[in-house]
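Participant:
Number of protein chains: 2
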Amino acid sequence: MSITAQLDGVAVSTQANVYFDGRCVSHTVTFADGTRKSVGVILPAQLSFGTGAPEIMETVAGSCSVLLPGASEWQTFGPGEKFSVPGNARFEIRVEGEPYHYICHFG
Amino acid sequence: MSITAQLDGVAVSTQANVYFDGRCVSHTVTFADGTRKSVGVILPAQLSFGTGAPEIMETVAGSCSVLLPGASEWQTFGPGEKFSVPGNARFEIRVEGEPYHYICHFG
């Protein structure tokens, strides 16, 4: 799987998004066409996230286990792998050992 | 003091720099001319950082107390304020309450 090592030609917000007492930290990135993504890290934890817009989570480094909405089994995702979450939904993500680095694509 | 809300026309590394078990998380930003900076967050903690190149730390949100190399008194920095650290030096930084958001300028 190919890894997206950097996002080019963007503006990055200098203030981070800090969730769950810092177990998840991200920075928002805006492309020239107005598209927004975020780059972030989840530290070892099990967290429950709600989505507004649909999201595609792309793994940059580390791995996570995910329980998607309506799923009964956890799935594991490693570097270069992606998973999709519908809008207005909730999913569980579990990170063990090393931090999980991701790009979040919206919409 | 004016706040730098975003950095424009940059490339952002998608893998974060994670220090001190995640008490400090940053992403590296590269400008078209090759200049590198980082945007990061320090969660409540007292941390000791070593510099390679000289650094200018610019506060985006939150505040911190800093003991600069050779100083005997802590100084406090809030949004829009900056402090400089020489290269190959060590400084102490203490964050209490809310996360401290910063831009680190090198060189």
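Chains A and B, in that order, are what the protein sequence lines are.
Heads up: the first sequence begins at 1 in the working numbering, then just goes up one per residue.
Heads up: the second sequence begins at 1001 in the working numbering, then just goes up one per residue.
Glycine is no exception: its CB is placed at the ideal position from the N, C-alpha and C atoms.
Is DSSP giving D8/A helix, strand or coil here?
Facilitator: On the first sequence, position 8 is the one that residue 8/A refers to. D8/A falls in the strand class under three-state DSSP.
Participant: Checking 7 angstroms against the spacing of the C-beta atoms, do V12/A and L1007/B come in under that value?
Facilitator: On the first sequence, position 12 is the one that residue 12/A refers to. On the second sequence, position 7 is the one that residue 1007/B refers to. Going by C-beta atoms, V12/A is nearer than 7 angstroms to L1007/B.
Participant: Any chance the segment 26-33 of chain A sits against the segment 74-83 of chain A, with 3 or more Cβ pairs inside 8 angstroms?
Facilitator: Touching, no, given that fewer than three Cβ pairs across the two stretches are closer than 8 angstroms.
Participant: Between the alpha carbons of W1074/B and V1095/B, how many angstroms are there, rounded?
Facilitator: As a first step, residue 1074/B must be located in the second sequence, where it is residue number 74. As a first step, residue 1095/B must be located in the second sequence, where it is residue number 95. C-alpha separation (whole angstroms): 12 angstroms.
Participant: Helix, strand or coil: which one does DSSP assign to G22/A?
Facilitator: Along the first sequence, one-based indexing puts residue 22/A at 22. Reduced to three states, the DSSP call for G22/A is helix.
Participant: Rounded C-beta distance between P99/A and V1018/B? I'm assuming under 8 angstroms.
Facilitator: Numbered from its first residue, the first sequence carries residue 99/A at position 99. Numbered from its first residue, the second sequence carries residue 1018/B at position 18. Contact holds; Cβ gap of about 5 angstroms.
Participant: Spatial neighbours of S1063/B within its chain, please: CB distance less than 7 angstroms, with the 5 preceding and 5 following residues excluded, ordered by chain position.
Facilitator: Locating residue 1063/B in the second sequence gives position 63, where the first residue counts as 1. For S1063/B, where only same-chain residues beyond five positions count, the Cβ hits under 7 angstroms are T1076, F1077, G1078, Y1100.
Participant: Give the DSSP-derived three-state secondary structure of M57/A in the structure shown.
Facilitator: Position 57 of the first sequence, counting from 1, holds the residue named residue 57/A. Correct three-state label for M57/A: strand.
Participant: Residue range of the beta strand (DSSP E) that L47/A falls in?
Facilitator: By one-based count along the first sequence, residue 47/A stands at place 47. Unbroken beta strand (DSSP E) run through L47/A: 45-50.
Participant: For chain B, check one thing: does any of its Cβ atoms lie closer than 7 angstroms to the Cβ of T51/A?
Facilitator: Locating residue 51/A in the first sequence gives position 51, counting from the first residue. No - not a single Cβ of chain B is within 7 angstroms of the one on T51/A.
Participant: How long is the line joining the alpha carbons of A1089/B and I103/A, rounded to whole angstroms?
Facilitator: Against the second sequence, residue 1089/B aligns to sequence position 89. Against the first sequence, residue 103/A aligns to sequence position 103. About 33 angstroms.
Participant: For the beta strand (DSSP E) that Q1075/B lies in, which residues bound it at each end?
Facilitator: For this step, residue 1075/B is matched to residue 75 along the second sequence. Here the beta strand (DSSP E) through Q1075/B covers 1075-1077.
Participant: Residues of chain B with a CB under 7 angstroms from the CB of V60/A: which are they?
Facilitator: Position 60 of the first sequence, counted from the start, is the residue given in the question as residue 60/A. The contacting residues are T1014, Q1015.
Participant: Interface residues of chain B around Q6/A at Cβ under 7 angstroms?
Facilitator: Looking up residue 6/A in the first sequence gives position 6. The answer, in chain order, is A1011, V1012, S1013, T1014.
Participant: At a Cβ cut of 7 angstroms, what residues of the segment 1088-1106 of chain B count as close to chain A, listed as they run along the chain?
Facilitator: Listed in sequence order: P1099, H1101, I1103.
Participant: Closest to M1057/B by CA distance: which of P1086/B, D1021/B, G1009/B is it?
Facilitator: Numbered from 1 along the second sequence, position 57 holds the residue referred to as residue 1057/B. That would be P1086/B, whose Cα lies nearest to the Cα of M1057/B.
Participant: Any Cβ of chain A within less than 7 angstroms of the Cβ of G1034/B?
Facilitator: As a first step, residue 1034/B is located in the second sequence; it is residue number 34 there, counting from the start. With 7 angstroms as the cut-off, G1034/B does not count as an interface residue toward chain A.
Participant: Answer with yes or no whether the minimum CB distance from L1047/B to chain A is below 7 angstroms.
Facilitator: Within the second sequence, the letter at position 47 stands for residue 1047/B. No - not a single Cβ of chain A is within 7 angstroms of the one on L1047/B.
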